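Residue numbers (my numbering), protein chains in the order written: chain A, 504 to 580; chain B, 239 to 428.
No residue lacks a Cβ here, since even glycine has one placed at the ideal position from N, Cα and C.
This one's a predicted model, so the numbers in the text were calculated from it and none came from an experiment.
Below, the structure written as structure tokens:
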């Protein structure tokens with residue numbers, strides 16, 4: 504019996520979630536919008552895994568850093 | 239080299255966002271004074287308030303100067319860009335102010351009040367918690383019911399097992415008695 508090797512979904516084929524919603528600006532006060540892209544330790548997820556485009560990743564980084572400065576998000580868990 | 243023309247920048251006005259964090263354990267008078275001072279520092283430089291959004295008490299993600307909870311207030315001001323630096327330095331030395339941030343929102347930015355959305359989000363989360371608890375209780379009740387059913391079944395099975403055994407005992411007694419009778423019968427011819 505030859506079994507098919509289990510394969511993970513290729514992370515490269517994901518699409519940018521912000522682009523699909525046509526978001527022009529990620530607000531640093533909008534926690535629910537940023538939460539999916541922050542892991543348990545408070546780090547921003549790698550673009551390779553989240554599939555965000557570079558433009559939105561930079562926006563996300565900006566807003567997350569602002570939120571961290573204001574004490575809304577943690578730097579490190 | 240492009241040169242910044244100061245005569246033109248003085249006239250054009252943009253909306254700026256000021257987010258302010260102060261500790262939650264201030265007395266009401268101190269809090270009022272602080273907010274008034276902040277508003278005064280901005281308005282002294284010719285700012286015009288567009289809107290104000292007080293978030294109320296929120297937990298902080300990490301301790302800031304020993305405080306674990308703080309109050310957030312978000313202001314929107316129409317302001318001359320050249321005055322920003324002075325406001326920033328003035329806010330930096332105001333007492334009782336933990337953090338402040340000045341953000342230039344992009345063009346076409348709609349001012350959304352996050353205090354309201356936060357409350358609705360909290361309510362949703364509470365609802366979710368209640369729903370989860372209900373589901374948990376339901377699952378527990380189902381488990382208990384299933385266990386009771388299984389126990390009843392087991393008890394019934396045991397009884398059934400015991401009853402035929404008893405029956406068989408009585409049967410054997412009867413049969414043995416009859417046999418004794420038969421054997422003791424003298425009329426029997428074998």
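Within 7 Å of any Cβ in chain B, is that where the Cβ of residue i sits?
i: residue 552(A); result: no
i: residue 581(A); result: Lying outside 504 to 580, the shown extent of chain A, residue 581(A) is not represented and no answer is given.
i: residue 501(A); result: Given that chain A is displayed from residue 504 to residue 580, the structure contains no residue 501(A) and the question cannot be resolved.
i: residue 574(A); result: yes
i: residue 577(A); result: yes
For a quick check, are the C-beta atoms of residue i and residue j less than 7 Å apart?
i: residue 562(A); j: residue 529(A); result: yes
i: residue 291(B); j: residue 312(B); result: yes
i: residue 260(B); j: residue 334(B); result: yes
i: residue 285(B); j: residue 317(B); result: yes
i: residue 258(B); j: residue 338(B); result: yes
Taking 7 Å as the threshold (beta carbon to beta carbon), is residue i in contact with chain A?
i: residue 258(B); result: no
i: residue 299(B); result: yes
i: residue 337(B); result: yes
i: residue 280(B); result: no
i: residue 314(B); result: no
i: residue 344(B); result: yes
i: residue 352(B); result: yes
i: residue 302(B); result: yes
According to the neighbour-count rule (16 or more other Cβ atoms, all chains shown, within 10 Å of its Cβ), is residue i buried or exposed?
i: residue 403(B); result: exposed
i: residue 359(B); result: exposed
i: residue 329(B); result: buried
i: residue 516(A); result: exposed
i: residue 369(B); result: exposed
Quick check: the Cα distance between residue i and residue j, rounded to an integer number of angstroms?
i: residue 539(A); j: residue 552(A); result: 12 Å
i: residue 580(A); j: residue 541(A); result: 11 Å
i: residue 341(B); j: residue 272(B); result: 20 Å
i: residue 401(B); j: residue 509(A); result: 56 Å
i: residue 567(A); j: residue 299(B); result: 13 Å
i: residue 535(A); j: residue 564(A); result: 15 Å
i: residue 388(B); j: residue 408(B); result: 30 Å
i: residue 390(B); j: residue 309(B); result: 59 Å
i: residue 555(A); j: residue 380(B); result: 44 Å
What three-state label does DSSP hand residue i in the structure shown?
i: residue 415(B); result: helix
i: residue 386(B); result: helix
i: residue 530(A); result: coil
i: residue 251(B); result: coil
i: residue 291(B); result: strand
i: residue 576(A); result: coil
i: residue 521(A); result: helix
By the criterion of Cβ-Cβ separation under 9 Å, what are the contact partners of residue i in chain C?
i: residue 535(A); result: In the displayed structure, chain C is absent; the protein chains listed are A and B.
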